[in-house]
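Report on one structure; see the data block that follows.
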Amino acid sequence: MKYDFRRVEAKWQKRWAEEGLYEVPDFSDRPHYYCLEMFPYPSGKLHMGHVRNYSIGDVVARFKAMNGFHVLHPMGWDSFGLPAENAAIKHGGVHPADWTNSNINAMREQLKQLGFSYDWRREFSTCEPDYYRWTEWLFLQLFHKGLAYKKKAAVNWCPSCATVLANEQVIKEGVCERCKTVVEKRELAQWFFKITDYAERLLKDLELLPGWPEKVKIMQENWIGRSEGAEINFPVAGSDDIITVYTTRPDTVFGVTYMVLAPEHPLVEKLIAGTDKEKEIREFVRKVQRLSEIARTSVETEKEGLFTGAYCINPLSGEKVPILIANYVLLEYGTGCVMGVPAHDQRDFEFARKYGYPIKVVIHPPGAGLDPATMEAAYEEEGIMVNSGRFDGLYGREGIRAVTSYLEEKGWGRSRVNYRLRDWLISRQRYWGAPIPIVYCDKCGTVPVPEDDLPVLLPRAVKFKPTGRSPLAECPDYVNTACPSCGGKARRETDTMDTFMCSSWYYYRFTSPGESSGPWDQAKTDYWLPVDQYIGGVEHAILHLLYSRFFTKVLYDLGLISNQEPFTNLLTQGMVLKDGAKMSKSKGNVVSPEDIVAAYGADTARLFILFAAPPERDLKWSDQGVEGCYRFLNRVWRLVAPLADVVRQAPTAVSGSLAGVNREMRRATHFAIKKVTEDIGSRFNFNTAISAVMELVNTLYQYREVPEADREPAVLREAVETLIILLAPFVPHAAEELWEITGHTGSVHRQPWPSYDPQAIVEDEITVVVQINGRVRDRILAPAGVSPGEMREMALKEERVQKLIGGREIVKVIPVPGKLVNIVVK
RNA sequence: GCGGGCGUGGCGGAAAGGCAGACGCGCUGGACUUAGGAUCCAGUGGGGAAUACCCGUGCGAGUUCAACUCUCGCCGCCCGCACCA
């Protein structure tokens, strides 16, 4: 009798759906638990990364449910996005909506075949008007709060995707996060969200997230990039202009020997206009701007600067300081200029040496001096202020504070906290996204679409060409509209929203997916949120997770939700590798989940993926490993199926005291409960949980060989039932079938999780290891409750130990209760 | 350069200062069999005839009765950030 996974998996998937086994009521008296995995973009088919992500989530959801929690475990589709539109361009004819929906249908089918415990009634897709209506609505809330604004700025432009990108979507070496094309800068008017207003809270509230991996928190911290310092005003000599510089080292201000502006700095034009430097400087600015973002910001790029001919005045020292421009100064950071302090900044030091600017020492290391002539590197540590007039003698932070308050007193500057974080650019020059609900009227200006007029529907008939202009702009019926304010002729905004906006609030929608009077029912979000366990790839450490945190804080401030953070616990799963590399079409090392499910079944696929590595680590795919898991399931089947009748007829309670093999069997059963419960419940170590179940199976195989007369039926029954229940979160179909054939009615997934009997796992006898000088030399059997003193006695008495010690002097004996005795001899 | 992670048999991985290698894969042998690429049982870090003994968790020091585990210094691989003023 072979385990027929095709029949069994289909049978239970059908029955679960019919019985609504995974449908979750909105409320319950039981403690609630929201288990969520990052919903997928419907790219076509599931890949192994999805299977891993969702298998992990399913174990957690099922385990929590069996432990008495009321578990929300939903699934949906992050369905706006470029690939749909690119497919339309490439294959002609196919509309993004149709392409997307057919992908969703295929992937939903795959998810169902994998047997995940989703409440499918809550499914939604972000490209449906019912959903994006509320994405638009949320945009309006941000707009009304002054958190959405349009401005002209030098923005990241991906020539391949033919759209702008947010800073977070430009990754290492300055390439597009999606297509890895080198990103360019373009001067465009774009919509932004003021995420910078929330920089401090986004940083500080990371402390509220002990359940997040340290790594992710550090990445967010670095991205936000908080620094403390001061702004200092340097008046331009012979003019009313002022150069405001940001520095983290106001204590070095007396050491400034030049000032550098970013080439794009607005003051540059003014400084050079009509001077003999004009031509030379313009040439230089053009040269710098021609450089790509990568070359521009690479450490390797040679630092180049040019004197503008103008000077400014150091307000503290009164010194006249030359103003230059240089390629390494970024307009976007701080105030777009840098004060050059060669003695105390390595970069400035090298720059000054190259161009011959003086090096002026204003900080001395404690107990030592510095000589500019012989210095080989800048002194960047803290130290004692010198050559700094009234501030001489102040040390480190003290000096910084003194200089800053003096500046404030004189009105020459102020203390300032600076962030690396930039505002979130959300407009995209593409079609397949949520429309930005804004109308431009010649008379009334920028007018938000009234909430009652939402959703602004995406028109279906549109030409898709990656021209760099928004496709909606070519669609007169869409563009031309009446001004909501004056009724006159007006034009709609034709850019759409970044899809990260859709995924920044979807986890609220799952609580009330059909809600039509608002984005969600607040009673339900108050009940379920925050998400107790969120699971997904680390590639979203900054992007999605930072945006979602930002949204949550805005929504909280708007009084729309009651939680300050969206995700209490975060699990970032590792990648699925094959042949030492991430699975990818270009590498040709892709294993298709469909093929695995067809050949071995969903349970085997899930079991392998959970068994092969702990969830946070990368997983190395192994066809033989899959084979092994398949064999294990068959081994379980061959064990349990023939015992089904025995189990069925056995008494449910173990009566009387047990001895010998029966006691051993029961111990193995309860030990497995303990191990699996701890491994899933507190560590997410599914691999070791599964190995514990395998050990229980191995013990059962031995127990099966015991003559029937010597076996205790109740012990066998308990062992088999426990085995099935422990398997249920990992291999839900097989467990359900085994549960049924062993005579149970009702789903195994509705069974309470077993607890172990501490008495049952107590050993009668333990093996005590005897070490001599830390090396294992003997093992002795001792009664379970043996005291350290008795252990010591027993070990020393042992003949073999005596012999090995010989005549040597015993220095020390260390008994470790229940484990070992270490005898130290000389 | 800065920050984080990892380094254990032929392979995936166990071991939360206390018997290194659980569990699985692979391999070897046996049983069953017309057959076995199924199944069951046993063995399996290296050296060694050995249940003796020695060696062994990237390398080198240290702490400890005891170190894969803690500390310090290197080496290698991976990830993130990087002219941030």
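Take any residue in the first sequence, note its place counting from 1, add 330, and you have its number in the working numbering.
All C-beta atoms in this analysis are idealised placements derived from N, C-alpha and C, irrespective of residue type, glycine included.
Which term fits lysine 600, buried or exposed, when burial requires 16 or more other beta carbons within 10 angstroms of its beta carbon?
-> To locate residue 600, count along the first sequence from 1; it is residue 270. Exposed.
With a Cβ-Cβ cutoff of 9 Å, do alanine 1064 and aspartate 975 count as a contact?
-> In the first sequence, counting from the first residue as 1, residue 1064 sits at position 734. In the first sequence, counting from the first residue as 1, residue 975 sits at position 645. The answer is no: Cβ separation not under 9 Å.
Three or more C-beta pairs closer than 8 Å, one from the segment 905-917 and one from the segment 948-967: is that the case here?
-> yes
How about the segment 802-814 and the segment 841-860: do they share at least three Cβ pairs that are nearer than 8 Å?
-> no
Under the three-state reduction of DSSP, which class applies to isoleucine 714: helix, strand or coil?
-> Taking the first sequence and counting its residues from 1, one reaches residue 714 at position 384. In the structure shown, isoleucine 714 sits in a strand (DSSP, three-state: E or B).
So is alanine 347 buried or exposed if we call it buried at 16+ other beta carbons inside 10 Å?
-> Locating residue 347 in the first sequence gives position 17, counting from the first residue. It counts as exposed.
Counting only the same chain and skipping the five closest in sequence on each side, list residues whose C-beta sits under 8 Å from that of arginine 360.
-> Looking up residue 360 in the first sequence gives position 30. Excluding residues within five positions, the ones whose Cβ falls inside 8 Å are Gly398, Phe399 and His400.
Which residue comes first and which comes last in the beta strand (DSSP E) that contains histidine 400?
-> Reading the first sequence from its first residue, position 70 is the one you call residue 400. Counting along the chain, the beta strand (DSSP E) containing histidine 400 begins and ends at 400-402.
Could you tell me which residues DSSP pairs with arginine 758 in its beta bridges?
-> Stepping through the first sequence from its first residue, residue 758 is reached at position 428. DSSP lists Thr826 as partners of arginine 758.
Using the beta-carbon count (16 or more within 10 Å), is glycine 1104 buried or exposed?
-> Reading the first sequence from its first residue, position 774 is the one you call residue 1104. Exposed is the call here.
The beta strand (DSSP E) enclosing asparagine 899, as first and last residue numbers | As a working mapping, residue 899 is identified with position 569 in the first sequence. Here the beta strand (DSSP E) through asparagine 899 covers 897-903.
Expected contact under 8 Å - CB spacing of threonine 824 and arginine 760 to nearest Å | Your numbering for residue 824 matches position 494 in the first sequence. Your numbering for residue 760 matches position 430 in the first sequence. Between arginine 760 and threonine 824 the Cβ distance is about 10 Å, and since that is not below 8 Å, they are no contact.
Hey, would you say methionine 669 sits closer than 9 Å to phenylalanine 564, going by beta carbons?
-> For the purposes of this step, residue 669 is taken as the residue at position 339 of the first sequence. For the purposes of this step, residue 564 is taken as the residue at position 234 of the first sequence. Closer than 9 Å, so yes.
Let me know if asparagine 992 comes out buried or exposed under the rule of 16 or more other beta-carbons within 10 Å of its beta-carbon.
-> The residue given as residue 992 occupies position 662 in the first sequence. Per the 10 Å Cβ criterion, buried.
By the 10 Å Cβ neighbour count, where 16 or more other Cβ atoms means buried, how is asparagine 1152 classified, buried or exposed?
-> Here the question's residue 1152 lines up with position 822 in the first sequence. With 16 or more other Cβ atoms within 10 Å, it is buried.
Looking at the structure shown, is serine 358 part of a helix, part of a strand, or coil, going by DSSP?
-> Translated into the one-based positions of the first sequence, residue 358 becomes position 28. Looking at serine 358 - three-state DSSP - the assignment turns out to be coil, as it is neither helix nor strand.
Rank Pro1088, Gln443 and Phe369 by C-alpha distance to the C-alpha of glutamine 343 and give the top, closest one.
-> One-based indexing of the first sequence puts residue 343 at position 13. When only C-alpha atoms are compared, the closest one is Gln443.
Confirm, please, whether the CB-CB distance from leucine 873 to valine 546 is below 9 Å.
-> As a working mapping, residue 546 is identified with position 216 in the first sequence. As a working mapping, residue 873 is identified with position 543 in the first sequence. No, these two residues do not count as a Cβ contact at 9 Å.
Measure the Cβ-Cβ separation of glycine 639 and aspartate 606 and say whether it is below 9 Å.
-> Walking along the first sequence from the start, residue 639 turns up at place 309. Walking along the first sequence from the start, residue 606 turns up at place 276. Against a cut-off of 9 Å, the Cβ pair of aspartate 606 and glycine 639 comes out as a contact.
My understanding is that leucine 963 touches valine 1061, with C-beta atoms under 8 Å, so please give their C-beta distance in whole angstroms.
-> Counting from one through the first sequence, the residue named residue 963 turns up at place 633. Counting from one through the first sequence, the residue named residue 1061 turns up at place 731. With a Cβ gap of about 6 Å, leucine 963 and valine 1061 count as contacting.
Could you tell me which residues DSSP puts in a beta bridge with lysine 515?
-> As a first step, residue 515 must be located in the first sequence, where it is residue number 185. Answer is Asn486, bridged to lysine 515.
In chain order, which continuous runs of the beta strand (DSSP E) of length 3 or greater are located wholly inside the segment 931-984?
-> none
Are the CB atoms of glutamate 558 and arginine 746 nearer to each other than 9 Å?
-> Within the first sequence, residue 558 is the residue found at index 228, counting from 1. Within the first sequence, residue 746 is the residue found at index 416, counting from 1. The answer is yes: Cβ separation under 9 Å.
Alanine 1065 lies in the beta strand (DSSP E); which residues open and close that run?
-> Start at 1 with the first residue of the first sequence, and residue 1065 comes out as number 735. Taken as a continuous stretch (DSSP letters only), alanine 1065 belongs to no beta strand (DSSP E), being part of the alpha helix (DSSP H) at 1062-1071.
With 16 as the cutoff for other CB atoms within 10 Å, does phenylalanine 357 come out buried or exposed?
-> Within the first sequence, numbered from 1, the residue matching residue 357 stands at position 27. Answer is exposed; the Cβ neighbour count stays below 16.
For lysine 475 versus tryptophan 521, is the C-beta distance shorter than 9 Å?
-> Looking up residue 475 in the first sequence gives position 145. Looking up residue 521 in the first sequence gives position 191. No, the pair does not count as a contact, with Cβ atoms beyond the cut-off.
Within the segment 971-1054, ranges of the alpha helix (DSSP H) (whole runs, at least 4 residues) | 990-1011 and 1016-1034
Span of the beta strand (DSSP E) around isoleucine 441 = Locating residue 441 in the first sequence gives position 111, where the first residue counts as 1. Before going on, a small fix: residue 441 reads as leucine here, not isoleucine. Looking at the DSSP string, leucine 441 is not in any beta strand (DSSP E); the run it does join, the alpha helix (DSSP H), is 426-443.
Roughly how many whole angstroms lie between the Cα atoms of glycine 445 and glutamate 339?
-> Here residue 445 is taken as the residue at index 115 of the first sequence, counted from 1. Here residue 339 is taken as the residue at index 9 of the first sequence, counted from 1. One C-alpha to the other measures close to 8 Å.
Which whole-angstrom value describes the C-beta separation of isoleucine 525 and tryptophan 754, a residue pair presumed to lie in contact below a C-beta threshold of 8 Å?
-> Sequence index remark: in the first sequence, residue 525 carries index 195 (1-based). Sequence index remark: in the first sequence, residue 754 carries index 424 (1-based). With a Cβ gap of about 5 Å, isoleucine 525 and tryptophan 754 count as contacting.
Near the ligand NAP: phenylalanine 522 beta-carbon under 8 Å from a heavy atom = Absence of the ligand NAP is noted for the structure shown, with no ligands found whatsoever.
Please report the Cβ distance between tyrosine 736 and valine 651, rounded to the nearest whole angstrom; I am assuming they are in contact, meaning their Cβ atoms lie under 8 Å.
-> Reading the first sequence from its first residue, position 406 is the one you call residue 736. Reading the first sequence from its first residue, position 321 is the one you call residue 651. About 19 Å separates the two Cβ atoms, so there is no contact after all.
Rounded C-alpha distance that separates glutamate 613 from glutamate 710 = Residue 613 sits at position 283 when you count from the first residue of the first sequence. Residue 710 sits at position 380 when you count from the first residue of the first sequence. Glutamate 613 and glutamate 710: Cα-Cα distance of roughly 34 Å.
Give the DSSP-derived three-state secondary structure of threonine 577 in the structure shown.
-> Here residue 577 is taken as the residue at index 247 of the first sequence, counted from 1. Strand at threonine 577.
Rounded to the nearest angstrom, how far is the Cβ of asparagine 657 from that of valine 692, given a contact under 8 Å?
-> Within the first sequence, the letter at position 327 stands for residue 657. Within the first sequence, the letter at position 362 stands for residue 692. Their Cβ separation, rounded to whole angstroms, is 26 Å, which puts asparagine 657 and valine 692 out of contact at 8 Å.
Unbroken stretches of the alpha helix (DSSP H), 4 residues or longer, contained in the segment 591-635 = 596-602, 608-620 and 623-627
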